[in-house]
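Accompanying notes for the structure given below.
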Amino acid sequence: MTAVHQRLEAEGLYRRFAGRAVVNDVSLSIDAGEILCLLGPSGCGKSTTLRMLAGVETPERGVIRVDGVEVEGPLVSVPPEGRSVGLMFQDFALFPHLSVADNVAFGLRGGKAGKRARVRELLDRVHLAQHIDSYPHELSGGEQQRVALARALAPRPLVMLMDEPFSGLDNRLRDGIRDETLALLKEEGTAVVMVTHEPEEAMRMADRIALMRDGRIVQQGAPYNLYNAPVDKAAAAFFSDVN
Ligand code: ADP
Ligand code: MG
């Protein structure tokens, strides 16, 4: 019998700063091809949760599994590069001294031809093939963001972890890049955890939303469920601006 695993599972994540629990017993799981948005107001513990999933922050308690393999637990702590996670954060920071092609190829292994083909494929899909030999400073913010997406997806990570990836972009660009990102993530079949403090963004991108407050997940479900049946008044107020 083959065991079927969720792509990413976290159980009972717990982390304090200065004696205060900022992530307090958070559990979640995501399947391949699914997008989970961690949504909540500033300071509720979203980024700390994501950083623990990525392996750049260590939980005091809790277990994390990728494809059924424990990467964080009482006896293990696999570093980020061993977790098959792709990371995309707000300050997407491409390597300034590397070309677009070399940025996208950065995490790739294998032969030159294979790497080149994968870089080409991804740049085509984010409509930047013409910039393959450009340098980051020659690109607009939106273009840099698309290169960062291509770079994160290039090694085919099982899980993509994104922290407010569009918040640095102006409104005019944001919608288009969100849609393009969504399409690419779905094509790749990656499991995604995306952090956002904007209900509208979560409604638009998520298959499932986990609403956080004070370090805890207070409600989890399909976007329309949270919108139509908020768990309490505070949750209702949080969604009231979405139209
Ligand atoms: P969010 O991403 O939801 O805005 P964070 O996870 O960044 O929230 O932060 C949650 C709380 O933990 C905040 O009060 C923040 O100030 C605190 N915090 C986060 N990282 C640290 C740290 N390295 N040292 C001390 N406090 C921190
Ligand atoms: Mg944050």
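Quick note, the working numbering runs 1 ahead of the 1-based positions in the sequence shown. Think of the CB as a built atom: it goes at the ideal place given N, C-alpha and C, for glycine as much as any other residue. Here the structure is a predicted model, which is why all the values come from computation and not from measurement.
- At least one heavy atom of the ligand ADP falls within 8 angstroms of the beta-carbon of Ala-19.
- Going by beta carbons, Val-23 and Ala-11 fall outside the 9 angstroms limit.
- For the region 114-142, not one full-length beta strand (DSSP E) segment reaches 3 residues or more.
- Counting along the chain, Ala-55 sits inside the alpha helix (DSSP H) bounded by residues 47-55.
- Taking 9 angstroms as the cut-off, the Cβ atoms of Val-120 and Val-105 count as close.
- From the listed residues Arg-175, Asp-125 and Ser-100, the smallest Cα separation to Leu-140 is found for Ser-100.
- The alpha-carbon of Val-67 is positioned some 12 angstroms away from that of Val-193.
- In the three-state scheme derived from DSSP, where H, G and I count as helix and E and B as strand, Gln-91 is classed as coil.
- Rounded to the nearest whole angstrom, the CA to CA distance from His-128 to Leu-88 is 21 angstroms.
- The way I'd put it, the region 178-185 doesn't touch the region 109-117; fewer than three beta-carbon pairs between them come closer than 8 angstroms.
- Taking 9 angstroms as the cut-off, the Cβ atoms of Asp-242 and Met-195 do not count as close.
- Ala-155 carries a coil assignment under DSSP once its states are collapsed to helix, strand and coil.
- Straight across, the Cα-Cα distance linking Ala-102 with Asp-134 is about 6 angstroms.
- DSSP, read as helix, strand or coil, puts Val-219 in strand.
- Residue burial is scored here from C-beta neighbours: Thr-197 has at least 16 other C-beta atoms within 10 angstroms and is therefore classed as buried.
- Taking the Cα of Met-213 as reference, the smallest distance to any Cα among Glu-73, Arg-179, Leu-40 and His-6 is reached at Leu-40.
- With a threshold of 16 other beta carbon atoms within 10 Å, Phe-239 meets it and is buried.
- Look at Asp-164: its beta carbon is less than 8 angstroms from one of the heavy atoms in the ligand MG.
- For Val-196, the CB falls within less than 8 angstroms of some heavy atom of the ligand MG.
- Note on Gln-145: 16 or more other CB atoms within 10 angstroms of its CB, so buried under the neighbour-count rule.
- Using a cutoff of 8 angstroms, the CB of Met-213 counts as near the ligand ADP, since one of the ligand's heavy atoms is closer than that.
- Distance check between Gly-83 and each of Arg-173, Val-160 and Met-204 places Val-160 closest, using alpha-carbon atoms only.
- Spanning the alpha carbons of Ala-223 and Gly-190 requires a straight line of approximately 19 angstroms.
- Between Met-206 and Asp-32, the alpha-carbon positions lie close to 15 angstroms from each other.
- Taking a C-beta distance under 9 angstroms as the contact criterion, Leu-29 and Ala-211 qualify as a contact pair.
- Residue environment for Phe-18: exposed (fewer than 16 other C-beta atoms within 10 angstroms of its C-beta).
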